[in-house]
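Just so you know, the sequences run in chain order A and B.
Numbered by the working numbering, the letters in the first sequence go through residues 3 to 310 in order.
Numbered by the working numbering, the letters in the second sequence go through residues 1365 to 1696 in order.
One structure is given below, encoded as structure tokens.
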Amino acid sequence: MGTYVLRRILQMIPVFIGATLLIFLMVYTLPGDPIAALFGDKAADPAQVAQLRHLYYLDQPLWKQYLHYMWNLLQGNFGTSFTGRSVAALMGDAFPVTIRLALVAFAFEIFVGIPLGLLSGLKRGSLLDTLVLIGTLIVISIPVFVLANVAQQVVGVNLGWVTPTVQNSNDISQLILPGLVLGSLSLAFVTRLTRTSIGENRRADYMRTAVAKGLPQRTVISRHLLRNSLIPVVTFLGTDLGALMGGAIVTEGIFNVKGVGNLLYQAIRHKEGPTVVGVVTVLVIVYLVASLVVDLLYAVLDPRIRYA
Amino acid sequence: MPDPFDPENPTHTRLPDTHALDYAGNQGMAVEQDQLLETRPEKREEARSLWQDAWRDLRRRPIFLVSAVLIVLLVIIAIFPGLFTDADPRHADLVNNYLKKPNWTDFFGAGWFGYDGQGRSIYARVLYGARASITVGICVTLAVAITGGLAGMVAGYFGGWVDALISRLVDIFFGIPLLLGALVILNAFTHRTVWSVVFALAFLGWTQIARVMRGAVLTVKQADYVTAARALGAGTRRIMFRHILPNAVAPVIVVATIALGGYIAAEATLSYLGIGLQDPTISWGIDISSAQNVIRTAPYALFFPAAALSITVLAFIMLGDAVRDALDPKLR
């Protein structure tokens, strides 16, 4: 187990370096001069431009910039944004908000998606099953920005249950509606995945054995069927966590949540290189750690899988 | 020791069971040999036995028929939008038509779905918007299927350091979220067309197909008929394209069809965020974005492009679902 985790962490290093290099190249080699943009309509003073370029290390060759960035990163320094704020501080404000939002969405997926999938998988062809299939198809095909707008209009304005936009991003009760919207697409996937998996496993030999042993139905379903059916679902949920944090751009924009999505969108639009690279670096780490955790969870769900 | 992180592990995805496909492939071979004794073999026909089977299965599925009809209709609209309306989607008449309500009796007329905040016919814009979405969806899927398919096949077939290199590259690209990466790339273009959006999505999207293809090739290349072909002296290219590709392509087709709907949604999202397509290109994403400012007074301005977008995405996802069920004998 220990050596397996160690090996996986070592394997992450080249992927991490490659992914940060890729986003670094995308941000810094694509056309558009962020320093010139800082001056807006005014003519830029060459001396000042040179000084700013030197300050942000932009006067160096690209590979030196990257090494410089990585060296700082290893010391926990994410650099400074072009507006002069530390990127770490910007992320420190944004990440807790997005983590709360993602947790709302994640809880919604687990506590609604898995039971729905279980029920419709057990009763294939029933009315509930058909409703679930049609409902999830509809949710999958409606883009999130339409769903968010409709939810905001109906729940926020017409019914008046919540304020249409989030006033205080640190208040988790205000994040419930955005969280539900954010999680809806993944909820549909979780439901369908659970349904398929249950459908495949319910006719397995171990199920017949468990029933023949005279185990109560509840035990058969929760201990045998569900546990064996959850592996693809857990895989999806693991990769989804990173996607929820990075993919919240649209939802956060519509509901005015001051999270990572908002920060990234502004940073991309204003060519804030250090902020974009910093946030994506953290998202890559989240993705890598989540996939490791998923692999370790396999061993919990299925004792046949062991990591030596 | 099982390593569930390996993409070829079938617990990972809902893709067709590659073992089952392998089996079907072997079966095809057996039939081929039988026929060799009796008549001259129609090789092309026999190699497609799985596909004929799938086709027979597909034709009976209502979901397939509905989605196929929808897609054919959408493609016709995308190619010839003028067949369905005389109205000019770019003609703006603010004086007479500002946010005019839908006129339900004006079938197929300019005012059928009402007018948007610029006084343009929503019906005409919904029709003309199909072209951008369908073009992006099909082109990205083709580009991704070719590059990802080739990369996956080379990685799976040659193995060794080639596989290690390509697989790490796939891991690296996989770590960067599609939407974020596309935003960064597209932000560099000051003048964005359909092709810049296609490029941005294809540049980041090929990894999914590469993983699926690699997994399928790894199973297929163990098959006896590949060994037999090699023993008969077939070259690498012939083995790859005549023996492995037809037997490994099924899961790729399923994933690509479902992804097509996703790419259409991604294009709309990018356009909605203002970093995708730009005027004068007509895109549902742009129209939805401008309609959300007037959602309280004119919800129909948002509803029609949103409905068109949803139906398009739905059609491709349903098609992918139906094709998967047809190609995966395990679910029958």
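Here a beta-carbon is modelled for each residue, glycine too, at the ideal position from N, C-alpha and C.
Quick caveat: nothing in here was measured; it's all calculated off a predicted structure.
- Close partners of Val1548 of chain B in chain A (Cβ separation under 8 Å): Ile25, Met28, Val29, Leu32, Ile270, Val278.
- With respect to chain A, the C-beta atom of Ser1674 of chain B has a partner C-beta closer than 8 Å.
- Collapsing the DSSP output to three states places Tyr59 of chain A in coil.
- If the five residues before and after Ala1612 of chain B are omitted, its C-beta is found closer than 7 Å to the C-beta atoms of Met1577, Ala1580, Val1581, Val1584, all from its own chain and listed in chain order.
- In the displayed model, Tyr1487 of chain B falls within a helix according to three-state DSSP.
- Contact note: Thr1633 of chain B reaches chain A through Pro145, Phe147, Val252, using a C-beta cutoff of 7 Å and chain order.
- Two segments are said to touch when three or more pairs of C-beta atoms, one from each, lie closer than 8 Å; by this definition the segment 263 to 276 of chain A touches the segment 29 to 43 of chain A.
- About 4 Å separates the Cβ atoms of Gly119 of chain A and Arg197 of chain A, confirming a contact at the 8 Å cut-off.
- Along the segment 130 to 145 of chain A, going in chain order, the ones with a CB nearer than 8 Å to a CB of chain B are Leu139, Ile140, Ile142, Ser143, Ile144, Pro145.
- Chain-order list of chain A residues neighbouring Ile1652 of chain B: Pro145, Phe147, Val148, Asn151, by C-beta distance under 9 Å.
- Nearest neighbour of Trp163 of chain A by Cα position, chosen from A:Ile178, A:Ser88, A:Leu303, A:His70, turns out to be A:Ile178.
- Rounded to the nearest whole angstrom, the C-alpha separation of Tyr68 of chain A and Gln13 of chain A is 21 Å.
- When DSSP assignments are scanned along the segment 36 to 116 of chain A, the uninterrupted stretches of alpha helix (DSSP H) that are 4 or more residues long and fall wholly within it turn out to be 36 to 40, 48 to 57, 64 to 76, 89 to 110.
- Rounded to the nearest whole angstrom, the CA to CA distance from Val296 of chain A to Val1616 of chain B is 24 Å.
- For the segment 1505 to 1534 of chain B, the residues whose beta carbon sits under 7 Å from a beta carbon of chain A are, in order, Arg1532.
- Straight across, the Cα-Cα distance linking Phe1472 of chain B with Leu1491 of chain B is about 11 Å.
- Ala1442 of chain B and Gly1545 of chain B have their alpha carbons spaced roughly 28 Å apart.
- The C-beta of Val286 of chain A comes closer than 8 Å to at least one C-beta of chain B.
- In the DSSP assignment, Tyr1479 of chain B forms a beta bridge with B:Ser1485.
- None of the residues of the segment 51 to 77 of chain A has a beta carbon lying less than 8 Å from any beta carbon of chain B.
- DSSP, reduced to helix, strand and coil, places Val164 of chain A outside both helices and strands of the structure shown, so it counts as coil.
- Ranked by how close their Cα comes to the Cα of Val99 of chain A, the residues A:Leu239, A:Val262, A:Leu246 have A:Val262 in first place.
- The three-state reading of DSSP puts Tyr30 of chain A in helix, counting H, G and I together.
- Under the three-state reduction of DSSP output, Thr198 of chain A falls in the helix class.
- Taking 8 Å as the cut-off between beta carbons, none of the residues of the segment 1470 to 1493 of chain B comes near chain A.
- The beta carbon of Gln155 of chain A sits closer than 8 Å to some beta carbon of chain B.
- Counting only runs of 4 or more residues that sit fully inside the segment 1416 to 1447 of chain B, the alpha helix (DSSP H) segments are 1426 to 1443, in chain order.
- Contact check for Val17 of chain A against Arg1575 of chain B fails: the beta carbons are separated by 8 Å or more.
- Short of 6 Å from the beta carbon of Ala107 of chain A, and not among the five residues preceding or following it, lie these beta carbons of its own chain, in chain order: Gly181, Leu184, Gly185, Leu246.
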